[in-house]
Amino acid sequence: MENQFTKSNTLYVILVAVMTISVSCILLESEATIYDGRGYFTISPDTIIEDLLEGKEGVFIPRESSPFVSYPELGNPVQWSIQEYIFIAQSVNELIWGNSLTNWELNMVRGDWHCEYYYSGPQSAEFRLFRIGGNNEKSRYVSTIEIIPRRSLVTWHKEEHFPVILNWKNIDMNKIDISMEEAVEIAEKNGGYEARTNVKNECSITAILNPESPIYHGWIVSYRKDYGERFELYHINPKTGKIIK
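Using our numbering, you'd call the opening residue of the sequence shown number 16 and step up by one each time.
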């Protein structure tokens with residue numbers, strides 16, 4: 016009986032040791048950043064979409080200093096769809112990497128509304144894109160692009176990760192049945208409108224689709240007071256539009 020207990024105990028210790036080593040190996044696995052670059056562009060919100068459609072050059076004017084030292088005065092609200100933001104982001108990505116977006120995939124999309132200008136649509140947007148390439152397809156190239164038209168500003172950050180270890184998920188916007196604007200409208204009809212008018216529209220709305228998030232269920236639409244805490248949150252299925260409790 017004692018011998019059987021000793022064997023069981025020994026097997027348990029070995030199993031725990033193997034699991035500990037396995038978990039440690041997983042935690043140690045990471046993609047090293049071997050290149051890191053960032054910068055800023057000044058844009059003209061009134062003409063940028065038309066200029067890009069016409070193929071004009073000089074649409075993105077590099078900024079040498081950080082725009083976050085002193086913000087320019089806010090311009091008028093724009094009325095851009097998220098697809099128009101994506102169009103601009105694609106042009107930025109092509110410019111900073113010097114190649115087309117043929118093999119790039121979208122990994123995260125975020126749009127921001129100010130409640131006061133809710134009906135004008137998102138007033139800024141951020142995107143994360145990636146592609147696998149390099150020698151033997153072992154590098155991951157990553158772009159993070161934020162477009163803030165009311166500040167006439169685009170920020171960009173590009174990286175190369177090596178080697179590729181993690182399996183990043185992609186977003187195919189053609190397979191997303193509920194658009195970002197529709198997700199926000201669903202939130203509005205299910206309590207969001209009352210929530211923002213209760214704080215006199217002194218708030219912002221963020222809609223994000225991020226498959227890498229540990230709480231990912233689809234669109235996340237959140238309401239936050241100006242310079243304050245979040246006060247309303249919705250998880251919305253991107254295929255059906257149903258609110259996920």
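Cβ atoms here follow ideal geometry from the backbone N, Cα and C, with glycine treated the same way.
*asked:* So for Phe102, helix, strand or coil by DSSP?
replied: helix
_Taking 7 Å as the limit between beta carbons, can you name the residues of its chain near Gly52, skipping five residues before and five after?_
Lys173
_C-beta atoms of Phe142 and Val124 nearer than 8 Å_ = yes
*Please state if the CB of Gly126 and the CB of Met195 are separated by a distance shorter than 8 Å.*
yes
_Contact under 8 Å by Cβ, Ile251 with Trp234_ = yes
*Report yes if the C-beta distance between Ile162 and Ser135 is below 8 Å; otherwise report no.*
no
*Mind checking whether Leu67 and Ile103 have CB atoms under 8 Å apart?*
yes
*Cβ-based burial, Tyr249 [other Cβ within 10 Å; buried from 16]*: buried
*asked:* Ignoring anything shorter than 4 residues, give me the alpha helix (DSSP H) runs that lie fully in the stretch 164-242, in order along the chain.
replied: 195-202 and 208-213
*Can you round the beta-carbon distance between His176 and Thr57 to whole angstroms, since I take them to be within the 8 Å contact cut?*
Going by Cβ atoms, the distance from His176 to Thr57 rounds to 29 Å, so no, they are not a contact pair.
*CA-to-CA distance, Asn122 to Gly70, given in whole angstroms*: 27 Å
*How long is the line joining the alpha carbons of Gly149 and Tyr242, rounded to whole angstroms?*
42 Å
*Option in Ala222, His129, Trp119 and Glu227 with minimal Cα separation from Glu197*: Ala222
_Opening and closing residue of the beta strand (DSSP E) in which Glu65 lies_ = Glu65 -> not in any beta strand (DSSP E); alpha helix (DSSP H) instead, spanning Ile63 to Leu68.
*Thr255 bridges to which residues according to DSSP?*
Paired residue(s): none; Thr255 is not in a bridge.
*Return the CA-CA distance between Glu152 and Glu227, expressed in angstroms with no decimal places.*
21 Å
*asked:* Going by C-alpha to C-alpha distance, which of Gln105, Ser154 and Ser96 sits closest to Pro137?
replied: Ser96
*Between the CA atoms of Ser237 and Gly206 - distance to the nearest angstrom*: 12 Å
*Start and end of the beta strand (DSSP E) containing Tyr55?*
Ala47 to Thr57
*Look at the Cβ atom of Ile160, then the Cβ atom of Ile201, and state whether they are nearer than 8 Å.*
no
*Helix, strand or coil: how does DSSP classify Glu161 here?*
strand
*Span of the beta strand (DSSP E), counted from its first residue to its last, around Glu244*: Segment: none, Glu244 is in no beta strand (DSSP E) and carries neither H nor E.
*Sort Cys218, Tyr55 and Pro164 by Cα distance to Gln94 and report the nearest one.*
Pro164
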